[in-house]
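*Asks:* If you scroll down you'll find the structure; I have some questions about it.
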Amino acid sequence: MAHAASVAFVTADEPGRPSAPTVTLKRVEDEMLVFTSALWTRKAREIVADPHVALLFHWPPLGRQGT
Ligand SMILES: Cc1cc2nc3c(=O)[nH]c(=O)nc-3n(C[C@H](O)[C@H](O)[C@H](O)COP(=O)(O)O)c2cc1C
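Going by my numbering, the letters in the sequence shown line up with residues 625 to 691, in that order.
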């Protein structure tokens, strides 16, 4: 499926300070978005501590945004 490769991957630390680094989606399936990252990045540490995340994307060809 054609898709926008870059999305903002939003996490927050324990006090709630947000972070939104760009990640590249490797695969998009019906119920799964796949990306890779090094385990020492802030996003990786924060997912371990709190798996609630948000992805920000805008895909005009699909009429889709956000999640
Ligand atoms: C276009 C673009 C694509 C990127 N793709 C990834 C990616 O797929 N995975 C990743 O870990 N970082 C990616 N990065 C780097 C991250 O945005 C970020 O700077 C880095 O991973 C450190 O993340 P942290 O804030 O979680 O420590 C990308 C950056 C750009 C500009």
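Note that CB positions come from ideal geometry on N, CA and C, so glycine has one too.
(1) Taking the alpha carbon of Trp683 as the point to measure from, which residue in Ala636, Glu638, Val652 and Ser643 has its own alpha carbon closest?
(2) May I ask you to report which of helix, strand or coil DSSP gives Ala662?
(3) Kindly examine ligand 1 and report whether one of its heavy atoms sits closer than 7 Å to the Cβ of Ala662.
(4) Could you pull out every residue in the same chain whose Cβ sits closer than 7 Å to the Cβ of Val672, ignoring the five residues on either side in sequence?
(5) Measuring straight from C-alpha to C-alpha, what distance separates Gly749 and Ala662?
(6) Quick check: the Cα distance between Thr660 and Val634, rounded to an integer number of angstroms?
*Replies:* Once the coordinates are examined:
(1) Val652
(2) coil
(3) Indeed, a heavy atom of ligand 1 lies less than 7 Å from the Cβ.
(4) Result list for Val672: empty, nothing under 7 Å.
(5) Residue 749 is absent from the structure shown; the chain starts at 625 and stops at 691.
(6) 15 Å
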